[in-house]
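Note sheet for the following structure.
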Amino acid sequence: MTTRSETRTALDHLLTEIEHRNPAQPEFHQAAHEVLETLAPVIAARPEYAEPGLIERLVEPERQVIFRVPWQDDQGRVHVNRGFRVEFNSALGPYKGGLRFHPSVNLGVIKFLGFEQIFKNALTGLGIGGGKGGSDFDPHGRSDAEVMRFCQSFMTELYRHIGEHTDVPAGDIGVGGREIGYLFGQYRRITNRWEAGVLTGKGQGWGGSLIRPEATGYGNVLFAAAMLRERGEDLEGQTAVVSGSGNVAIYTIEKLAALGANAVTCSDSSGYVVDEKGIDLDLLKQIKEVERGRVDAYAERRGASARFVPGGRVWDVPADIALPSATQNELDENDAATLIRNGVKAVSEGANMPATPEAVHLLQKAGVAFGPGKAANAGGVAVSALEMAQNHARTSWSAARVEKELTHIMNDIHTTCHETAERYDAPGDYVTGANIAGFERVADAMLAQGVI
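Here's what the structure looks like:
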(Lines of atoms letter the chains of each structure in order from A and count residues from 1; the text may use other names and numbers.)
(Lines give C-alpha, C1' and ligand atoms only; values in the text may rest on other atoms or scores of the structure.)
Protein backbone atom coordinates (compact mmCIF):
# COMPACT_ATOMS: atom_id res chain seq x y z
CA MET A 1 0.00 0.00 0.00
CA THR A 2 1.24 3.49 -0.86
CA THR A 3 1.85 5.71 2.17
CA ARG A 4 0.50 9.24 2.47
CA SER A 5 4.05 10.57 2.22
CA GLU A 6 4.69 8.69 -1.03
CA THR A 7 1.33 9.81 -2.39
CA ARG A 8 2.07 13.42 -1.44
CA THR A 9 5.39 13.25 -3.29
CA ALA A 10 3.71 11.82 -6.40
CA LEU A 11 1.04 14.52 -6.32
CA ASP A 12 3.66 17.26 -5.93
CA HIS A 13 5.44 15.88 -8.99
CA LEU A 14 2.17 15.90 -10.93
CA LEU A 15 1.45 19.50 -9.93
CA THR A 16 4.87 20.51 -11.25
CA GLU A 17 4.09 18.70 -14.49
CA ILE A 18 0.71 20.47 -14.76
CA GLU A 19 2.42 23.86 -14.51
CA HIS A 20 4.96 22.81 -17.14
CA ARG A 21 2.33 21.47 -19.58
CA ASN A 22 -0.05 24.40 -19.07
CA PRO A 23 2.13 27.55 -19.02
CA ALA A 24 0.69 30.98 -18.23
CA GLN A 25 -2.55 29.54 -16.79
CA PRO A 26 -2.37 30.58 -13.12
CA GLU A 27 -6.09 30.11 -12.43
CA PHE A 28 -5.96 26.51 -13.66
CA HIS A 29 -2.79 25.87 -11.64
CA GLN A 30 -4.53 27.25 -8.56
CA ALA A 31 -7.61 25.07 -9.04
CA ALA A 32 -5.50 21.95 -9.60
CA HIS A 33 -3.39 22.65 -6.50
CA GLU A 34 -6.50 23.25 -4.38
CA VAL A 35 -7.94 19.85 -5.30
CA LEU A 36 -4.87 17.65 -5.54
CA GLU A 37 -3.29 18.77 -2.28
CA THR A 38 -6.30 17.35 -0.41
CA LEU A 39 -6.35 13.94 -2.13
CA ALA A 40 -3.35 12.22 -0.47
CA PRO A 41 -5.46 10.57 2.29
CA VAL A 42 -8.00 9.00 -0.08
CA ILE A 43 -5.37 7.81 -2.57
CA ALA A 44 -3.33 6.27 0.24
CA ALA A 45 -6.44 4.58 1.66
CA ARG A 46 -7.73 3.25 -1.66
CA PRO A 47 -4.87 1.77 -3.74
CA GLU A 48 -7.00 1.59 -6.90
CA TYR A 49 -6.85 5.38 -7.12
CA ALA A 50 -3.07 5.19 -7.36
CA GLU A 51 -3.42 3.32 -10.65
CA PRO A 52 -0.96 4.89 -13.10
CA GLY A 53 -2.63 7.46 -15.28
CA LEU A 54 -5.90 7.97 -13.37
CA ILE A 55 -5.20 11.41 -11.94
CA GLU A 56 -3.18 12.35 -15.02
CA ARG A 57 -6.32 11.74 -17.08
CA LEU A 58 -8.45 13.64 -14.58
CA VAL A 59 -6.40 16.85 -14.93
CA GLU A 60 -6.23 16.71 -18.74
CA PRO A 61 -9.37 17.87 -20.58
CA GLU A 62 -10.95 15.35 -22.92
CA ARG A 63 -11.30 18.10 -25.50
CA GLN A 64 -10.36 21.77 -25.85
CA VAL A 65 -11.97 23.85 -28.60
CA ILE A 66 -10.77 27.37 -29.48
CA PHE A 67 -12.35 29.28 -32.34
CA ARG A 68 -12.63 32.68 -34.00
CA VAL A 69 -15.81 34.73 -33.48
CA PRO A 70 -16.17 37.55 -36.04
CA TRP A 71 -19.09 39.95 -35.74
CA GLN A 72 -20.19 43.43 -36.82
CA ASP A 73 -21.15 46.30 -34.53
CA ASP A 74 -23.97 48.75 -35.25
CA GLN A 75 -21.60 50.98 -37.22
CA GLY A 76 -20.59 48.12 -39.50
CA ARG A 77 -17.12 47.66 -37.97
CA VAL A 78 -15.88 44.09 -37.80
CA HIS A 79 -14.60 42.75 -34.47
CA VAL A 80 -12.89 39.42 -33.84
CA ASN A 81 -13.16 37.70 -30.48
CA ARG A 82 -11.99 34.30 -29.35
CA GLY A 83 -14.38 31.54 -28.30
CA PHE A 84 -13.66 28.57 -26.03
CA ARG A 85 -15.26 25.31 -24.97
CA VAL A 86 -13.31 22.97 -22.69
CA GLU A 87 -15.00 19.58 -22.33
CA PHE A 88 -13.15 18.33 -19.28
CA ASN A 89 -14.66 15.06 -18.09
CA SER A 90 -17.72 13.05 -19.15
CA ALA A 91 -17.35 9.96 -16.93
CA LEU A 92 -20.59 10.75 -15.08
CA GLY A 93 -22.64 12.18 -17.93
CA PRO A 94 -22.70 14.82 -20.67
CA TYR A 95 -20.42 17.81 -20.16
CA LYS A 96 -22.26 20.52 -18.23
CA GLY A 97 -21.11 24.03 -17.44
CA GLY A 98 -21.73 27.66 -18.24
CA LEU A 99 -20.55 30.12 -20.86
CA ARG A 100 -18.77 33.26 -19.63
CA PHE A 101 -18.56 36.44 -21.75
CA HIS A 102 -16.01 38.77 -20.18
CA PRO A 103 -12.75 40.46 -21.25
CA SER A 104 -10.81 38.42 -18.68
CA VAL A 105 -11.69 35.12 -20.36
CA ASN A 106 -8.78 33.07 -21.69
CA LEU A 107 -7.98 29.36 -21.93
CA GLY A 108 -6.56 29.18 -18.39
CA VAL A 109 -9.70 30.74 -16.88
CA ILE A 110 -11.97 28.37 -18.79
CA LYS A 111 -9.86 25.36 -17.77
CA PHE A 112 -9.99 26.38 -14.11
CA LEU A 113 -13.76 26.73 -14.31
CA GLY A 114 -14.16 23.44 -16.16
CA PHE A 115 -11.96 21.57 -13.69
CA GLU A 116 -13.96 22.92 -10.75
CA GLN A 117 -17.15 21.94 -12.57
CA ILE A 118 -16.16 18.25 -12.61
CA PHE A 119 -16.33 18.00 -8.82
CA LYS A 120 -19.22 20.42 -8.37
CA ASN A 121 -21.37 18.43 -10.79
CA ALA A 122 -20.35 15.15 -9.19
CA LEU A 123 -21.47 16.42 -5.78
CA THR A 124 -25.01 17.02 -7.05
CA GLY A 125 -25.40 13.29 -7.75
CA LEU A 126 -27.32 14.11 -10.95
CA GLY A 127 -25.22 12.37 -13.61
CA ILE A 128 -23.51 15.29 -15.35
CA GLY A 129 -19.88 15.73 -16.38
CA GLY A 130 -17.76 18.86 -16.23
CA GLY A 131 -17.10 21.49 -18.87
CA LYS A 132 -16.99 25.26 -19.36
CA GLY A 133 -16.81 27.79 -22.17
CA GLY A 134 -17.02 31.42 -23.13
CA SER A 135 -15.37 34.30 -24.90
CA ASP A 136 -13.38 37.48 -24.24
CA PHE A 137 -16.35 39.42 -25.67
CA ASP A 138 -17.70 42.13 -23.35
CA PRO A 139 -21.51 42.54 -23.61
CA HIS A 140 -21.54 45.65 -21.39
CA GLY A 141 -22.37 48.77 -23.35
CA ARG A 142 -23.36 46.79 -26.43
CA SER A 143 -26.80 47.08 -27.99
CA ASP A 144 -29.17 44.13 -28.11
CA ALA A 145 -28.52 43.89 -31.87
CA GLU A 146 -24.75 43.71 -31.32
CA VAL A 147 -25.12 41.06 -28.63
CA MET A 148 -27.41 39.09 -30.94
CA ARG A 149 -24.93 39.18 -33.82
CA PHE A 150 -22.09 38.09 -31.54
CA CYS A 151 -24.12 35.23 -30.06
CA GLN A 152 -25.15 34.05 -33.52
CA SER A 153 -21.54 34.02 -34.69
CA PHE A 154 -20.42 32.25 -31.51
CA MET A 155 -23.06 29.53 -31.87
CA THR A 156 -22.30 29.04 -35.57
CA GLU A 157 -19.10 27.32 -34.45
CA LEU A 158 -20.13 26.01 -31.04
CA TYR A 159 -23.15 24.06 -32.32
CA ARG A 160 -20.80 21.40 -33.79
CA HIS A 161 -19.57 20.46 -30.35
CA ILE A 162 -22.73 20.42 -28.19
CA GLY A 163 -25.96 18.47 -27.85
CA GLU A 164 -28.35 17.33 -25.13
CA HIS A 165 -26.52 14.00 -24.80
CA THR A 166 -23.04 15.44 -25.44
CA ASP A 167 -22.45 18.87 -23.92
CA VAL A 168 -25.03 21.19 -22.36
CA PRO A 169 -23.89 24.81 -21.81
CA ALA A 170 -25.65 27.34 -19.58
CA GLY A 171 -25.04 30.95 -18.54
CA ASP A 172 -22.32 32.47 -16.38
CA ILE A 173 -20.89 35.99 -16.02
CA GLY A 174 -22.08 38.09 -18.97
CA VAL A 175 -24.47 35.41 -20.21
CA GLY A 176 -28.04 35.79 -18.96
CA GLY A 177 -31.47 35.15 -20.37
CA ARG A 178 -30.95 37.51 -23.32
CA GLU A 179 -27.77 35.78 -24.45
CA ILE A 180 -29.15 32.27 -23.91
CA GLY A 181 -32.14 33.22 -26.07
CA TYR A 182 -29.98 34.39 -28.96
CA LEU A 183 -27.71 31.34 -28.66
CA PHE A 184 -30.65 28.93 -28.62
CA GLY A 185 -32.31 30.64 -31.57
CA GLN A 186 -29.17 30.27 -33.70
CA TYR A 187 -28.72 26.63 -32.62
CA ARG A 188 -32.30 25.89 -33.65
CA ARG A 189 -31.85 27.73 -36.94
CA ILE A 190 -28.68 25.83 -37.87
CA THR A 191 -29.75 22.35 -36.77
CA ASN A 192 -33.42 22.63 -37.81
CA ARG A 193 -34.58 20.91 -34.64
CA TRP A 194 -36.08 21.90 -31.31
CA GLU A 195 -33.60 20.41 -28.86
CA ALA A 196 -34.57 22.16 -25.64
CA GLY A 197 -32.08 20.18 -23.54
CA VAL A 198 -29.04 21.56 -25.38
CA LEU A 199 -28.92 24.77 -23.31
CA THR A 200 -30.15 25.53 -19.81
CA GLY A 201 -31.14 28.86 -18.32
CA LYS A 202 -33.77 29.31 -21.02
CA GLY A 203 -36.85 31.50 -20.72
CA GLN A 204 -39.71 29.92 -18.77
CA GLY A 205 -42.03 30.07 -21.78
CA TRP A 206 -39.74 27.98 -23.98
CA GLY A 207 -38.20 25.22 -21.94
CA GLY A 208 -36.70 26.99 -18.96
CA SER A 209 -37.17 25.97 -15.35
CA LEU A 210 -38.70 27.98 -12.55
CA ILE A 211 -36.15 28.86 -9.83
CA ARG A 212 -33.22 28.54 -12.29
CA PRO A 213 -32.29 32.25 -12.11
CA GLU A 214 -32.42 32.10 -8.32
CA ALA A 215 -30.76 28.71 -7.88
CA THR A 216 -27.08 29.57 -7.38
CA GLY A 217 -27.77 32.32 -4.85
CA TYR A 218 -30.50 30.36 -3.07
CA GLY A 219 -28.31 27.26 -2.93
CA ASN A 220 -25.36 29.13 -1.48
CA VAL A 221 -27.50 30.51 1.34
CA LEU A 222 -28.91 27.04 2.01
CA PHE A 223 -25.37 25.67 2.27
CA ALA A 224 -24.35 28.49 4.63
CA ALA A 225 -27.42 27.77 6.75
CA ALA A 226 -26.46 24.08 6.92
CA MET A 227 -22.93 24.97 8.08
CA LEU A 228 -24.37 27.17 10.82
CA ARG A 229 -26.82 24.45 11.90
CA GLU A 230 -23.89 22.10 12.32
CA ARG A 231 -22.60 24.61 14.88
CA GLY A 232 -25.93 25.02 16.64
CA GLU A 233 -26.89 28.35 15.02
CA ASP A 234 -29.15 29.61 12.24
CA LEU A 235 -29.39 32.59 9.91
CA GLU A 236 -32.11 34.42 11.83
CA GLY A 237 -30.85 37.86 12.86
CA GLN A 238 -27.40 37.49 11.29
CA THR A 239 -25.78 40.34 9.33
CA ALA A 240 -24.31 39.37 5.97
CA VAL A 241 -21.92 40.98 3.50
CA VAL A 242 -22.42 40.00 -0.13
CA SER A 243 -20.13 40.95 -3.00
CA GLY A 244 -21.32 41.41 -6.56
CA SER A 245 -24.64 42.67 -7.88
CA GLY A 246 -25.37 40.20 -10.65
CA ASN A 247 -27.70 37.24 -10.69
CA VAL A 248 -25.91 35.26 -7.95
CA ALA A 249 -25.62 38.21 -5.57
CA ILE A 250 -29.19 39.38 -6.07
CA TYR A 251 -30.72 36.02 -5.24
CA THR A 252 -28.27 35.44 -2.41
CA ILE A 253 -29.59 38.64 -0.85
CA GLU A 254 -33.18 37.56 -1.51
CA LYS A 255 -32.77 34.16 0.17
CA LEU A 256 -30.90 35.67 3.12
CA ALA A 257 -33.86 37.96 3.74
CA ALA A 258 -36.30 35.05 3.46
CA LEU A 259 -34.39 33.17 6.17
CA GLY A 260 -34.23 36.16 8.51
CA ALA A 261 -30.71 37.46 7.80
CA ASN A 262 -29.89 41.02 6.76
CA ALA A 263 -27.60 41.59 3.76
CA VAL A 264 -26.13 45.08 3.97
CA THR A 265 -23.83 45.24 0.93
CA CYS A 266 -23.56 44.74 -2.82
CA SER A 267 -20.80 45.72 -5.23
CA ASP A 268 -19.52 45.92 -8.78
CA SER A 269 -16.21 46.88 -10.38
CA SER A 270 -16.73 50.55 -9.48
CA GLY A 271 -16.99 49.97 -5.71
CA TYR A 272 -19.53 48.86 -3.15
CA VAL A 273 -22.69 50.02 -1.42
CA VAL A 274 -23.40 49.54 2.27
CA ASP A 275 -27.02 49.98 3.33
CA GLU A 276 -27.62 50.00 7.07
CA LYS A 277 -31.29 49.12 6.62
CA GLY A 278 -30.49 46.17 4.40
CA ILE A 279 -30.34 46.04 0.61
CA ASP A 280 -33.61 47.03 -1.09
CA LEU A 281 -34.01 44.20 -3.58
CA ASP A 282 -36.61 45.89 -5.78
CA LEU A 283 -34.35 48.89 -6.27
CA LEU A 284 -31.26 46.76 -6.88
CA LYS A 285 -33.08 44.62 -9.46
CA GLN A 286 -34.36 47.72 -11.24
CA ILE A 287 -30.88 49.19 -11.51
CA LYS A 288 -28.96 46.02 -12.39
CA GLU A 289 -31.45 43.86 -14.29
CA VAL A 290 -33.59 46.47 -16.04
CA GLU A 291 -31.38 49.54 -16.43
CA ARG A 292 -28.06 47.61 -16.47
CA GLY A 293 -26.62 50.42 -14.35
CA ARG A 294 -23.93 50.67 -11.65
CA VAL A 295 -24.33 50.30 -7.90
CA ASP A 296 -23.57 53.96 -7.21
CA ALA A 297 -27.05 54.67 -8.64
CA TYR A 298 -28.48 52.51 -5.85
CA ALA A 299 -26.90 54.73 -3.19
CA GLU A 300 -28.10 57.89 -4.93
CA ARG A 301 -31.70 56.70 -5.02
CA ARG A 302 -31.90 54.77 -1.75
CA GLY A 303 -31.49 57.71 0.58
CA ALA A 304 -29.66 58.36 3.84
CA SER A 305 -29.30 54.71 4.87
CA ALA A 306 -27.00 53.86 1.95
CA ARG A 307 -23.58 55.08 0.93
CA PHE A 308 -21.34 54.24 -2.00
CA VAL A 309 -17.63 53.54 -1.44
CA PRO A 310 -15.74 53.92 -4.73
CA GLY A 311 -13.10 51.27 -5.32
CA GLY A 312 -13.45 49.93 -1.77
CA ARG A 313 -13.36 46.43 -0.33
CA VAL A 314 -16.76 45.10 0.67
CA TRP A 315 -15.06 42.87 3.25
CA ASP A 316 -14.27 45.92 5.39
CA VAL A 317 -17.93 45.97 6.50
CA PRO A 318 -18.44 44.08 9.80
CA ALA A 319 -20.74 41.06 9.48
CA ASP A 320 -21.52 37.59 10.84
CA ILE A 321 -21.52 35.91 7.43
CA ALA A 322 -19.69 36.67 4.17
CA LEU A 323 -20.87 35.41 0.80
CA PRO A 324 -18.44 36.31 -2.04
CA SER A 325 -20.59 36.24 -5.17
CA ALA A 326 -18.68 38.19 -7.83
CA THR A 327 -15.59 36.54 -9.38
CA GLN A 328 -12.44 34.52 -8.75
CA ASN A 329 -9.79 35.66 -6.23
CA GLU A 330 -11.82 38.65 -5.00
CA LEU A 331 -11.20 37.86 -1.32
CA ASP A 332 -7.51 37.78 -0.39
CA GLU A 333 -5.53 37.13 2.80
CA ASN A 334 -5.86 40.72 4.02
CA ASP A 335 -9.61 40.60 3.49
CA ALA A 336 -9.80 37.33 5.40
CA ALA A 337 -7.88 38.88 8.30
CA THR A 338 -10.32 41.79 8.33
CA LEU A 339 -13.33 39.46 8.35
CA ILE A 340 -11.84 37.48 11.23
CA ARG A 341 -11.16 40.63 13.26
CA ASN A 342 -14.76 41.66 12.69
CA GLY A 343 -16.03 38.34 14.05
CA VAL A 344 -17.22 36.54 10.91
CA LYS A 345 -18.64 33.07 11.64
CA ALA A 346 -19.01 31.62 8.15
CA VAL A 347 -17.85 32.31 4.60
CA SER A 348 -19.70 30.60 1.76
CA GLU A 349 -18.56 30.96 -1.86
CA GLY A 350 -21.27 31.95 -4.31
CA ALA A 351 -18.76 32.63 -7.08
CA ASN A 352 -16.17 30.18 -8.41
CA MET A 353 -12.93 30.25 -6.36
CA PRO A 354 -13.49 33.82 -5.06
CA ALA A 355 -11.18 33.28 -2.06
CA THR A 356 -7.44 32.95 -2.61
CA PRO A 357 -5.67 29.88 -1.11
CA GLU A 358 -4.06 32.10 1.52
CA ALA A 359 -7.46 33.49 2.52
CA VAL A 360 -8.98 30.03 2.77
CA HIS A 361 -6.12 28.81 4.97
CA LEU A 362 -6.43 31.81 7.29
CA LEU A 363 -10.20 31.45 7.63
CA GLN A 364 -9.98 27.74 8.38
CA LYS A 365 -7.16 28.27 10.86
CA ALA A 366 -9.34 30.81 12.69
CA GLY A 367 -12.18 28.29 12.94
CA VAL A 368 -14.47 30.05 10.48
CA ALA A 369 -16.89 27.69 8.70
CA PHE A 370 -15.81 27.82 5.06
CA GLY A 371 -17.99 26.56 2.20
CA PRO A 372 -15.99 26.07 -1.04
CA GLY A 373 -17.66 27.07 -4.29
CA LYS A 374 -17.74 23.58 -5.76
CA ALA A 375 -20.14 22.66 -2.95
CA ALA A 376 -21.76 25.92 -1.90
CA ASN A 377 -22.67 27.24 -5.35
CA ALA A 378 -23.70 23.91 -6.87
CA GLY A 379 -27.36 24.94 -6.74
CA GLY A 380 -27.20 26.58 -10.15
CA VAL A 381 -25.98 23.52 -12.01
CA ALA A 382 -28.28 21.31 -9.94
CA VAL A 383 -31.36 23.17 -11.17
CA SER A 384 -29.87 23.19 -14.67
CA ALA A 385 -29.87 19.40 -14.49
CA LEU A 386 -33.47 19.52 -13.26
CA GLU A 387 -34.24 21.73 -16.27
CA MET A 388 -32.74 19.04 -18.50
CA ALA A 389 -35.01 16.45 -16.87
CA GLN A 390 -38.07 18.64 -17.47
CA ASN A 391 -37.04 19.17 -21.11
CA HIS A 392 -36.61 15.43 -21.63
CA ALA A 393 -40.12 14.78 -20.29
CA ARG A 394 -41.64 17.78 -22.13
CA THR A 395 -43.03 19.05 -18.85
CA SER A 396 -42.66 21.94 -16.42
CA TRP A 397 -42.43 21.64 -12.65
CA SER A 398 -43.90 24.09 -10.16
CA ALA A 399 -41.62 26.54 -8.38
CA ALA A 400 -42.38 24.79 -5.09
CA ARG A 401 -41.28 21.42 -6.47
CA VAL A 402 -38.04 22.80 -7.91
CA GLU A 403 -37.18 24.66 -4.71
CA LYS A 404 -37.92 21.55 -2.66
CA GLU A 405 -35.55 19.53 -4.87
CA LEU A 406 -32.91 22.27 -4.62
CA THR A 407 -33.14 22.33 -0.84
CA HIS A 408 -32.79 18.54 -0.68
CA ILE A 409 -29.76 18.59 -3.01
CA MET A 410 -27.95 21.35 -1.11
CA ASN A 411 -28.54 19.69 2.25
CA ASP A 412 -27.33 16.39 0.80
CA ILE A 413 -24.18 18.06 -0.56
CA HIS A 414 -23.51 19.55 2.88
CA THR A 415 -23.98 16.17 4.56
CA THR A 416 -21.75 14.44 2.02
CA CYS A 417 -18.95 16.99 2.43
CA HIS A 418 -19.21 17.00 6.23
CA GLU A 419 -19.23 13.20 6.56
CA THR A 420 -16.43 12.71 4.02
CA ALA A 421 -14.22 15.19 5.87
CA GLU A 422 -14.80 13.31 9.11
CA ARG A 423 -14.10 9.97 7.41
CA TYR A 424 -10.67 11.26 6.37
CA ASP A 425 -9.76 12.82 9.74
CA ALA A 426 -10.52 16.41 8.73
CA PRO A 427 -13.66 17.26 10.74
CA GLY A 428 -15.26 20.54 9.73
CA ASP A 429 -13.03 20.92 6.65
CA TYR A 430 -15.55 21.35 3.85
CA VAL A 431 -12.80 21.92 1.27
CA THR A 432 -11.31 18.48 1.89
CA GLY A 433 -14.75 16.91 2.15
CA ALA A 434 -15.96 18.40 -1.14
CA ASN A 435 -12.80 17.56 -3.05
CA ILE A 436 -12.60 13.95 -1.88
CA ALA A 437 -16.33 13.23 -2.24
CA GLY A 438 -16.40 14.64 -5.78
CA PHE A 439 -13.16 12.86 -6.67
CA GLU A 440 -14.39 9.47 -5.43
CA ARG A 441 -17.52 9.62 -7.59
CA VAL A 442 -15.64 10.62 -10.73
CA ALA A 443 -12.67 8.32 -10.15
CA ASP A 444 -14.90 5.27 -9.59
CA ALA A 445 -16.65 5.93 -12.90
CA MET A 446 -13.36 6.44 -14.73
CA LEU A 447 -11.95 3.18 -13.37
CA ALA A 448 -15.10 1.26 -14.35
CA GLN A 449 -14.97 2.58 -17.93
CA GLY A 450 -11.35 1.75 -18.68
CA VAL A 451 -8.47 3.82 -20.00
CA ILE A 452 -10.15 6.32 -22.33
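Residues in the sequence shown are numbered from 1 upward in steps of one, following my numbering.
Idealized CB from N, CA, C, for every residue including glycine.
The beta-carbon distance between G237 and G260, rounded to whole angstroms, is 6 Å. This is short enough to meet the 8 Å contact definition. Scanning its chain for C-beta atoms nearer than 7 Å, with the 5 sequence neighbours on each side dropped, one finds around H161 the residues V65, R85 and D167, in chain order. Rounded to whole angstroms, the gap between the alpha carbons of R57 and I287 is 45 Å. Y95 is bridged by DSSP to G129 and D167. For F439, the three-state secondary structure derived from DSSP is helix.
DSSP lists G83 and F101 as the beta-bridge partner residues of S135.
Between the stretch 99-112 and the stretch 24-36, the count of C-beta pairs closer than 8 Å reaches three or more; the two stretches touch. Fewer than three beta-carbon pairs drawn from the stretch 355-364 and the stretch 375-391 are found closer than 8 Å, and the two stretches are therefore not classed as touching. Runs of the alpha helix (DSSP H) spanning 4 or more residues and lying entirely within the stretch 313-345 occur at 333-341, in chain order. Around the C-beta of Q186, 16 or more other C-beta atoms lie within 10 Å, and the residue is accordingly described as buried. Shown here, S348 sits in a strand according to DSSP, grouped into three states. Judged by pairs of C-beta atoms under 8 Å, the stretch 43-57 does not touch the stretch 132-149, as fewer than three such pairs exist. Here DSSP, grouped into helix, strand and coil, assigns A249 to helix. Look at the beta carbons and you see the stretch 303-315 touching the stretch 263-283: at least three pairs across the two are nearer than 8 Å. Per the DSSP secondary-structure output, C417 pairs with nothing in a beta bridge. Between I253 and L281 the beta-carbon gap is near 6 Å, inside 8 Å, which marks them as a contact. Listed in chain order, the non-local C-beta contacts of G293 below 6 Å within the same chain comprise I287, local neighbours out to five positions each way being set aside. When Cβ pairs closer than 8 Å are counted between the two stretches, the stretch 332-348 is seen not to touch the stretch 388-397, the count staying below three. Across the set A145, Y95, L107 and R100, the C-alpha of Y95 shows the shortest separation from the C-alpha of A122. Spanning the alpha carbons of P70 and G174 requires a straight line of approximately 18 Å. If you compare the alpha carbons of G343, E405 and T327 with that of I321, the shortest gap goes to G343. Annotated three-state conformation of W206 is helix, per DSSP. Here I409 is actually not in contact with T420; their C-beta atoms are around 16 Å apart, not less than 8 Å. It is roughly 19 Å from the alpha-carbon of V78 to the alpha-carbon of Y182. The residue among A215, F154, L158 and P103 with its C-alpha nearest the C-alpha of G141 is P103.
Residues of the same chain with a CB within less than 7 Å of the CB of G127, apart from the 5 flanking positions on each side, are L92 and G93 in chain order. Rounded to the nearest angstrom, the Cβ distance from A170 to G98 is 5 Å, consistent with a contact under 8 Å. Under the three-state reduction of DSSP, S267 is assigned to strand. In terms of Cβ geometry, S348 and F150 do not form a close pair [threshold 7 Å]. Rounded to whole angstroms, the gap between the alpha carbons of E291 and L283 is 11 Å. When the beta-carbon positions are compared, G130 and F88 come within less than 7 Å of each other. I190: member of the alpha helix (DSSP H) spanning G177 to T191, first to last residue. By the 16-neighbour rule on beta-carbons within 10 angstroms, D268 is buried.
The beta-carbon distance between V264 and V241, rounded to whole angstroms, is 7 Å. This is short enough to meet the 8 Å contact definition. Taken atom to atom, the span from the alpha-carbon of K365 to that of G219 is near 25 Å.
A426 and A443 have their C-alpha atoms spaced approximately 21 Å apart.
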